[in-house]
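Asks: Counting along the sequence shown from 1, when you hit position 42 you're at 140 in the numbering used here, and nothing is skipped either side.
Each residue gets a CB set at the ideal place from its N, CA and C atoms; glycine is no exception.
Below you will find the structure I want to go over with you.
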Amino acid sequence: MKITLALVLLLAGCSNASACSRSLDGTWKSDGQATMAFVREHTKLQPKTEAFLQALVGHMTMTFEGGELHLNMPDIEVPISGQMSPFSGFEERKPYEVLFCSSSTIVWSARQPFGDTDEVTTFNFVDPDTIWVYTGSTDPKMPDLHTREYFRRGR
Numbered sequence: 099m100k101i102t103l104a105l106v107l108l109l110a111g112c113s114n115a116s117a118c119s120r121s122l123d124g125t126w127k128s129d130g131q132a133t134m135a136f137v138r139e140h141t142k143l144q145p146k147t148e149a150f151l152q153a154l155v156g157h158m159t160m161t162f163e164g165g166e167l168h169l170n171m172p173d174i175e176v177p178i179s180g181q182m183s184p185f186s187g188f189e190e191r192k193p194y195e196v197l198f199c200s201s202s203t204i205v206w207s208a209r210q211p212f213g214d215t216d217e218v219t220t221f222n223f224v225d226p227d228t229i230w231v232y233t234g235s236t237d238p239k240m241p242d243l244h245t246r247e248y249f250r251r252g253r
């Protein structure tokens, strides 16, 4: 009986992504203002890094529809060594899979941008149409800023 009860409790505690009260569906746009407000309040970046980040955020969109993720980052200009320089955007479509879902979080996986391995991303919900993503990284080629990027879902 104890084993049966333990199994029931274990299964009840596992979130079923298909029964999730949260949804990724729709188009999410980077919220540059909310992102930079968090950066200024909670991080200590060098001024040149903050200026670069401010120019970078607020442009990318992610559209989730029918099991497909469409990423779009337009070409923009960013400050590098005090000079505005072109930053090449990108557009990519790929399948994604929801791995875990709760009332405050969705964890999903998809192929790395322009790569052949999967990566896992956690969306933390502020409300049904606002999420944040931790921008830290264990990739030695990527800067680890220890901050958040906010996104808002359009209607």
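Round the Cβ separation of Val-218 and Leu-197 to the nearest angstrom and send it over; I've been treating them as touching at under 8 Å.
Replies: The sequence position of residue 218 within the sequence shown is 120, counting from 1. The sequence position of residue 197 within the sequence shown is 99, counting from 1. The pair is a contact, with the Cβ atoms about 7 Å apart (cut-off 8 Å).
Asks: Could you tell me whether the region 175–193 touches the region 126–143, where touching means 3 or more Cβ pairs closer than 8 Å?
Replies: The answer is no - the region 126–143 does not touch the region 175–193, with fewer than three Cβ pairs under 8 Å.
Asks: Please determine, among Phe-185, Ser-201, Val-155, Phe-221, the residue with the shortest C-alpha to C-alpha distance to Phe-162.
Replies: The residue labelled residue 162 in the question sits at position 64 within the sequence shown. With distances taken between Cα atoms, Phe-162 lies closest to Phe-221.
Asks: With a Cβ-Cβ cutoff of 8 Å, do Ser-201 and Gly-156 count as a contact?
Replies: Locating residue 201 in the sequence shown gives position 103, counting from the first residue. Locating residue 156 in the sequence shown gives position 58, counting from the first residue. No.
Asks: Measure the Cβ-Cβ separation of Met-160 and Trp-126 and say whether it is below 8 Å.
Replies: For the purposes of this step, residue 160 is identified with residue 62 of the sequence shown, where counting begins at 1. For the purposes of this step, residue 126 is identified with residue 28 of the sequence shown, where counting begins at 1. Against a cut-off of 8 Å, the Cβ pair of Trp-126 and Met-160 comes out as a contact.
Asks: Please specify which runs of the beta strand (DSSP E), each continuous and at least 3 residues long, are wholly inside the region 155–243, giving them in chain order.
Replies: Runs found: 159–163, 166–171, 174–178, 181–185, 188–199, 203–209, 216–225, 228–232.
Asks: Taking the continuous beta strand (DSSP E) assigned at Arg-250, which residues delimit it?
Replies: Mapped onto the sequence shown, residue 250 falls at position 152. Its beta strand (DSSP E) spans residues 246–251.
Asks: If you draw a straight line from the C-alpha of Pro-211 to the C-alpha of Glu-195, how long is it?
Replies: Numbered from its first residue, the sequence shown carries residue 211 at position 113. Numbered from its first residue, the sequence shown carries residue 195 at position 97. Each residue's Cα considered, the two are about 15 Å apart.
Asks: Within 10 Å of its beta-carbon, does Glu-247 have 16 or more other beta-carbons around it, so buried, or fewer, so exposed?
Replies: Taking the sequence shown and counting its residues from 1, the one referred to as residue 247 is at position 149. With 16 or more Cβ atoms within 10 Å of its Cβ, Glu-247 is classed as buried.
Asks: Taking the continuous beta strand (DSSP E) assigned at Thr-133, which residues delimit it?
Replies: Along the sequence shown, read from residue 1 onward, the residue named residue 133 stands at position 35. Premise fails: Thr-133 lies in the alpha helix (DSSP H), 130–140, not in any beta strand (DSSP E).
Asks: Shortest alpha-carbon distance to Thr-233 belongs to which of Thr-133, Asp-173, Leu-122?
Replies: Residue mapping note: residue 233 aligns to position 135 of the sequence shown, counting from 1. For the residues Thr-133, Asp-173, Leu-122, the minimum Cα distance to Thr-233 belongs to Thr-133.
Asks: Using the C-alpha atoms, what's the distance from Ser-183 back to His-244?
Replies: In the sequence shown, residue 244 corresponds to position 146, counting from 1. In the sequence shown, residue 183 corresponds to position 85, counting from 1. So the alpha carbons of these two residues sit roughly 25 Å apart.
Asks: Cα separation between Asp-123 and Pro-145?
Replies: Within the sequence shown, numbered from 1, the residue matching residue 123 stands at position 25. Within the sequence shown, numbered from 1, the residue matching residue 145 stands at position 47. Rounded to the nearest angstrom, the two C-alpha atoms are 36 Å apart.
Asks: With a threshold of 8 Å on Cβ separation, who are the neighbours of Gln-131 within its own chain once the five nearest residues in sequence on each side are excluded?
Replies: One-based indexing of the sequence shown puts residue 131 at position 33. These residues qualify, in order along the chain: Gly-156.
Asks: In whole angstroms, give me the CA-to-CA distance for Arg-120 and Ala-149.
Replies: Numbered from its first residue, the sequence shown carries residue 120 at position 22. Numbered from its first residue, the sequence shown carries residue 149 at position 51. Going by the C-alpha atoms only, they are around 34 Å apart.
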